[in-house]
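J.: Provided herewith is a single structure, encoded as structure tokens, for subsequent inquiry.
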Amino acid sequence: MEHLSNRIKNMAESATLAMAAKAREFKEKGIDVISLSLGEPDFKTPKHIQEGAKEAIDSEKYFAYPPVNGYADLRQAISDKFKRENGLDYTPNQIVVSNGAKQSIVNVMLSLVNPGDEVIVLSPFWVSYTAAIEMAEGIPVLVKGGLENDFKATAEQVKAAITDKTRVIIFSSPCNPTGSVFTKEELTAIAEVVRDREGLYVISDEIYEHINFSGAHASIGTMPGMLDKTITINGMAKGFAMTGWRVGFIGAPTWIAKACNKIQGQVTSANCSIAQRATLTALTSDLGPTKAMTEEYGRRRALVHQLLNDIPGVKTNMPQGAFYFFPDLSSYFGKSDGTTTINNASELCIYLLENAHVSLVTGEAFGDENCVRLSYAASEENLREALKRIKDTLAKLS
Ligand code: PMP
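Mind the numbering: the sequence shown is residues 30 to 427 in the numbering used here, read in order.
Structural data, given as structure tokens:
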């Protein structure tokens, strides 16, 4: 007999991790699966960052519990980074370093959201946002941008969704899963809707800021009156190919940073000392390797765009950032290969895994049931082969 709490019973499993696990099962059976389901850079962490970690170990100075919110010199470096790269003025005591941006987001939700409070999620959205809101017993309110608008919800839509119960608005830019990048003008319009509303805050997830093909990255916290209302999320996983090091951080109003520190002090304490030292090296070094990786993602983006457009019935935007495509494949719904009929994006993903041996993630998990998410953080060779397999397999449906 199991006696799980309602909290865990009602929690959705991470769709991206579930698909990755399914792909792994196929691989273990000896099937050559190309996995395009995880948001994971296929690059190694740059050497100088690895060296930073090795030096920290060799110094024998970083084996004890670090301060819960992160080492003071690291928080200073993050404060400097926010100022230098984003124009954001967060002092070191407004910074909290956590076990990945995922923990940062959960900390903030638990700090701000009471049971029954509403959180506006600009949709399509990263899968863990709604799980974090539900963990805080809040109610996700999806505000949807469609393909015709480059998947970007507008300030007018946000305004229409705000109620007395709205506490937070959360979104990512560059966006996972759509690759869309909100322009300064679009962020200004959203800021205008939020600015004068007491008790309403914005969580701006900027973890893909460096993987941006559209030029300058804009932070909503820089808009007039917004610094006191914005929690800026960032981390090392994507731009520095450091997913496994588990380093995320926030810049936030002091009272929110203090609350996150309090929660983290009871849940995980600080994150790994050595990962923090490696992060200090990364944030105080030249961004050359990050830029080189972004250029490579840019080449793959062009390739995948061309290959996707070569598949009949596929509709896609040209993503301006991150490393995902979010094509609309709904023209295949209702079609059959004679045995199996595809009814929705989830069934299509399973069908492609079983028949094309390519793993993608259903758009349902990200708020758009017509789409699938394809991560192009994979080699050019694998991308070419995967897109060929997808095209050949879809051609069998009629
Ligand atoms: N935000 C977004 C938009 C992401 O895509 C991810 C990772 N998939 C995260 C946050 C979490 O990053 P981390 O690995 O630092 O927890």
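Quick reminder that beta carbons are idealized off the backbone N, C-alpha and C, glycines included.
Can you tell me which of Ala165, Ser201, Tyr405, Gly116 puts its alpha carbon nearest to the alpha carbon of Glu324?
T.: Here the closest residue by C-alpha is Tyr405.
J.: Is DSSP giving Cys400 helix, strand or coil here?
T.: In the structure shown, Cys400 sits in a strand (DSSP, three-state: E or B).
J.: Which residues in the same chain as Val222 place their Cβ atom closer than 6 Å to its Cβ, once the five residues preceding and following it in sequence are excluded?
T.: Excluding sequence neighbours, Val222 sits near Ala184, Val187, Lys188.
J.: Less than 8 Å between the CB of Ser454 and some heavy atom of the ligand PMP, yes or no?
T.: In the structure as shown, the chain begins at 30 and stops at 427. Residue 454 is therefore absent and cannot be evaluated.
J.: Run through the DSSP bridge pairs and tell me what Lys344 is partnered with.
T.: DSSP, once it has assigned bridges, lists Asp357 as partnering Lys344.
J.: With the cut-off set at 9 Å, would you say Ser243 and Gly396 are in Cβ contact?
T.: In this structure, Gly396 does not lie closer than 9 Å to Ser243 by Cβ.
J.: Which same chain residues end up closer than 8 Å to Glu80 when comparing Cβ atoms and leaving out the 5 residues on each side of it in sequence?
T.: Cβ neighbours of Glu80 beyond the five flanking positions: Thr310.
J.: For a test of your reading of the model: does the CB of Lys131 fall under 8 Å from any non-hydrogen atom of the ligand PMP? Yes or no.
T.: True, at least one ligand heavy atom lies under 8 Å from that Cβ.
J.: Kindly indicate which residue of Ala182, Glu57, Asn136, Pro70 has the alpha-carbon position closest to the one of Ala266.
T.: Taking only the C-alpha atoms, the option nearest Ala266 is Pro70.
J.: Could you tell me which residues DSSP puts in a beta bridge with Ser152?
T.: DSSP output for Ser152 lists Lys173 as bridge partner(s).
J.: Assuming Asn438 is part of the alpha helix (DSSP H), what are its boundary residues?
T.: Nothing in the structure corresponds to residue 438, since the chain is present only between 30 and 427.
J.: Are there 16 or more other CB atoms within 10 angstroms of the CB of Met252, so buried, or fewer, so exposed?
T.: Answer is buried; the Cβ neighbour count reaches 16.
J.: Do you know offhand how far Ile60's Cα is from Val390's?
T.: Distance between the alpha carbons of Ile60 and Val390 is about 19 Å.
J.: Identify the residues that DSSP records as bridge partners of Gly350: which are they?
T.: Per DSSP, Asn241.
J.: Does at least one heavy atom of the ligand PMP sit under 8 Å from the Cβ of Trp284?
T.: Not under cutoff, so the answer is no.
J.: Please confirm whether Gln123 and Thr283 have their CB atoms less than 9 Å apart.
T.: A contact, by the Cβ cut-off of 9 Å.
J.: If you pair each beta-carbon of the stretch 146-157 with each one of the stretch 169-184, do three or more pairs fall below 8 Å?
T.: At 8 Å Cβ cutoff, the stretches touch.
J.: What residue range is occupied by the uninterrupted beta strand (DSSP E) comprising Asp234?
T.: From DSSP, the beta strand (DSSP E) with Asp234 extends over 230-234.
J.: Given Phe200, which residues of its chain have a CB within under 6 Å of its CB, disregarding the five upstream and five downstream residues?
T.: Closer than 6 Å at the Cβ level, and outside the excluded window around Phe200, lie Leu151.
J.: Report all residues from its chain with a CB closer than 8 Å to the CB of Ile9; omit the five preceding and five following residues, and keep chain order.
T.: With the chain covering 30 to 427 only, the question about residue 9 has no answer from this structure.
J.: Taking one C-beta from the stretch 134-147 and one from the stretch 190-200 each time, how about it: are there three or more such pairs within less than 8 Å?
T.: Counting Cβ pairs under 8 Å, three or more are found: they touch.
J.: Taking the alpha-carbon positions, what's the Glu57 to Leu216 distance?
T.: So the two alpha carbons sit approximately 45 Å from each other.
J.: Below 8 Å, how does it come out for the stretch 414-422 and the stretch 335-344: are there three or more Cβ pairs, yes or no?
T.: The stretch 414-422 is in contact with the stretch 335-344.
J.: Can you find at least 3 beta carbon pairs, one from the stretch 41-49 and one from the stretch 273-281, that sit closer than 8 Å?
T.: No: the two stretches stay apart, fewer than three of their Cβ pairs being nearer than 8 Å.
J.: Indicate whether the contact test is met: 3 or more Cβ pairs, each with one atom in the stretch 288-306 and one in the stretch 97-104, closer than 8 Å.
T.: The stretch 288-306 is in contact with the stretch 97-104.
J.: Between the Cα of Ala286 and those of Lys110, Glu398, Ala321, Arg104, spot the shortest distance and give me the residue it belongs to.
T.: Out of Lys110, Glu398, Ala321, Arg104, Arg104 has the C-alpha closest to the C-alpha of Ala286.
J.: To the nearest angstrom, how far is it from the Cα of Thr422 to the Cα of Asn399?
T.: Each residue's Cα considered, the two are about 18 Å apart.
J.: Are the beta-carbon atoms of Gly392 and Tyr361 separated by less than 9 Å?
T.: No, the Cβ-Cβ distance between Gly392 and Tyr361 is not below 9 Å.
J.: Less than 8 Å separating the Cβ of Tyr405 from some heavy atom of the ligand PMP?
T.: Tyr405: no, Cβ never under 8 Å from the ligand PMP.
J.: Measure the beta-carbon distance from Gly277 to Lys131 and round it to whole angstroms, keeping in mind my assumption that it falls under 8 Å.
T.: Confirmed, about 7 Å.
J.: Buried or exposed for Asn372, going by 16 or more other Cβ atoms inside 10 Å?
T.: Classification of Asn372: exposed, given that the 10 Å Cβ count is below 16.
J.: Among residues of its own chain, excluding the 5 on either side of Gly327, which ones have a beta-carbon nearer than 8 Å to its beta-carbon?
T.: Answer for Gly327: Phe242, listed in chain order.
J.: Given Val142, which residues of its chain have a CB within under 8 Å of its CB, disregarding the five upstream and five downstream residues?
T.: Result list for Val142: Val148, Ile162, Ala165, Glu166, Gly167, Arg196, Val197, in chain order.
J.: Under 9 Å between the Cβ atoms of Met40 and Ala190?
T.: Cβ atoms of Met40 and Ala190: not closer than 9 Å.
J.: Assign Val210 to one of three DSSP states: helix, strand, or coil.
T.: Three-state DSSP puts Val210 in coil, outside helix and strand.
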